[in-house]
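**Student:**
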Amino acid sequence: MNDLLPDQSALWQYFEGTVQALMQRYGYAEIRTPIVEQTALFARSIGEVTDIVEKEMYTFEDRNGDSLTLRPEGTASCVRAAMEHGLLHNQTQRLWYQGPMFRHERPQKGRYRQFHQVGLEAFGLEGPDIDAEVILLTARLWQELGLYDHVTLELNSLGSNEARAAYRDKLVAYFEQHRDQLDEDSLRRLSSNPLRILDSKNPDMAPMLADAPRLMDHLDAASREHFEGLTALLEAAGIDYVINPRLVRGLDYYCRTVFEWTTTALGSQGTVCAGGRYDGLVEQLGGKPIPAVGFAMGIERLILLLETLELVPEAALGELDLYVLPMDDDATARAMLLAERLRSELPELRVQLHCGGGSFKSRIKKADRSGARLALLLGEDELAQGRATLKFLREEREQLSLDQDALAETLATLVSGEHA
Ligand code: HAM
């Protein structure tokens, strides 16, 4: 679990701001749910025999003896809240959320015990059009962040529950024939969750897995048509994808479409966004059947990717533009008013006022340490003449003496030039 320190927060805000704007532009409304839920909610939705529920949840008893769990993901909470507040009665809902999630996994680069997701869930829409639209939303995000050429869309269909059950039998029969090649983890999964064996990263099993029966070849007709509908829409929109017949996902609620956006730039934790359709979940949790599709992305991984690929824009560095420096205590009040005026006139400008007095030398040192590009000096002479001295802290450039009334205009051009 990590602290998010000040030198990182501007980048997080840039990322979160970009996603939030995008969600609004696609007509999604934010939902915020509690960080804890009844443990049974996750067991019933994610699945009893998944890694998350078996090994990774932070579960505790509260003072009443109720079993609660820190949410390991957002979909179950979102469905619970939507059902509880009647948001799913004969209507569609497009919801998004963000926040911390908790999984007791082995930590490594890109994998943490408290991590953060942004996700969305669309309820009440059955056709492949909505699957395509949520994928287009993510593709637009990659484009806006400069990541599009660094991620790959992997797609699969898990078919209907019936088709998957029939396929599962075939797969188990195949694995039984090759039992001697299964590792310990896979042997354990053989009876509980054999589809997850397909997801194994064990290189010794790779040739055997490559020849395993493919779910894609055992889809029911309706799921096949749905999947073809999705790929046709993606092609029409110019979105490249690869079909990964072994993409099965680690949560049990999925059916039909599943997808992941992956990158090779982050090592083994390369999935930056993942989701799919879960048409059976609402009914399974006690509601009327209603189709649904969604995804979540890992914010830490995307931040890491932006940094690794050096795609952090200037504005996301969070640096100050201007340090306003009264040169002695007599100038404090006027400097403060001038800083306030500049904040009114230039709302985008990041202005810090020197506070705490000190000698002239120490004031200049603090201006330099502030990281600002510019300092505005106000001393006796400047005040007498209604002027201010603009000093360039990061470049060899003559300082400027400016009329206080002309300051905003000069600063606007200097700063917009830099952010462009
Ligand atoms: P998930 O695949 O478990 O799906 O997680 C989604 C994303 O969260 C992953 O692709 C990854 O980027 C990030 N993530 C997961 N675990 C960690 C971790 N320990 N550390 C850092 N990042 C992590 C879900 O959570 C589903 N609820 C997605 C969904 C929404 N499906 C339908 N709607």
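Numbering (the numbering used here), first residue to last: -15 to 404. Glycine included, C-beta positions come from ideal geometry on N, C-alpha and C.
Counting pairs of Cβ atoms below 8 Å between the stretch 203 to 211 and the stretch 49 to 65, do you hit three or more?
**Tutor:** no
**Student:** State the CB to CB distance for the pair residue 322 and residue 362, rounded to an integer number of angstroms; the pair is presumed to be in contact (CB under 8 Å).
**Tutor:** 7 Å
**Student:** Would the stretch 340 to 351 and the stretch 304 to 313 be scored as touching if the rule is three or more Cβ pairs under 8 Å?
**Tutor:** Note that the stretch 340 to 351 touches the stretch 304 to 313; at least 3 beta-carbon pairs, one per stretch, sit closer than 8 Å.
**Student:** Taking its Cβ as the centre, do 16 or more other Cβ atoms sit within 10 Å of residue 284, making it buried, or is it exposed?
**Tutor:** buried
**Student:** Excluding sequence positions up to five away, which residues of its chain have a Cβ less than 6 Å from the Cβ of residue -2?
**Tutor:** 300
**Student:** Using alpha carbons as the reference points, say which of 358, 366 and 294 lies closest to residue 382.
**Tutor:** 358
**Student:** What does the Cβ neighbour count give for residue 140, buried or exposed, with the cut at 16 atoms within 10 Å?
**Tutor:** buried
**Student:** Around the C-beta of residue 256, are 16 or more other C-beta atoms found within 10 angstroms, so that it is buried, or is it exposed?
**Tutor:** buried
**Student:** State yes or no: is the C-beta of residue 41 nearer than 7 Å to some heavy atom of the ligand HAM?
**Tutor:** no
**Student:** Regarding residue 279 and the ligand MG, is the C-beta to nearest heavy atom distance less than 7 Å?
**Tutor:** The ligand MG is not among the ligands present in this structure, which contains only the ligand HAM.
**Student:** Could you tell me if the beta carbon of residue 262 falls within a distance shorter than 7 Å of some heavy atom in the ligand HAM?
**Tutor:** yes
**Student:** Just to check my reading of the structure: residue 326 and residue 352 have Cβ atoms closer than 8 Å, yes? What is that Cβ distance to the nearest angstrom?
**Tutor:** Between residue 352 and residue 326 the Cβ distance is about 20 Å, and since that is not below 8 Å, they are no contact.
**Student:** Less than 8 Å separating the beta-carbons of residue 241 and residue 266?
**Tutor:** no
**Student:** Could you give the first and the last residue of the continuous beta strand (DSSP E) run that contains residue 387?
**Tutor:** 384 to 387
**Student:** Report the rounded CA-to-CA distance for residue 302 versus residue 287, giving the unit in angstroms.
**Tutor:** 15 Å
**Student:** Check each candidate in 118, 126, 120 and 197 and name the one with the smallest Cα separation from residue 148.
**Tutor:** 197
**Student:** Grouping DSSP H, G and I as helix and E and B as strand, with all else coil, what is residue 200?
**Tutor:** helix
**Student:** Suppose only complete runs of 4+ residues qualify. What are the alpha helix (DSSP H) ranges in the stretch 102 to 173, listed by chain order?
**Tutor:** 112 to 129 and 145 to 161
**Student:** Taking C-alpha atoms, which residue in 157, 190, 185 and 186 lies nearest to residue 174?
**Tutor:** The candidate whose alpha carbon is nearest that of residue 174 is 157.
**Student:** Apart from the five residues just before and just after residue 268, which ones in its own chain have a Cβ nearer than 8 Å to its Cβ?
**Tutor:** 28, 29 and 237
**Student:** Can you tell me whether residue 226 sits near the ligand HAM, meaning its C-beta is under 7 Å from at least one heavy atom of the ligand?
**Tutor:** no
**Student:** Mapping the DSSP letters down to three states, classify residue 191 as helix, strand or coil.
**Tutor:** DSSP places residue 191 in helix when its eight states are reduced to three.
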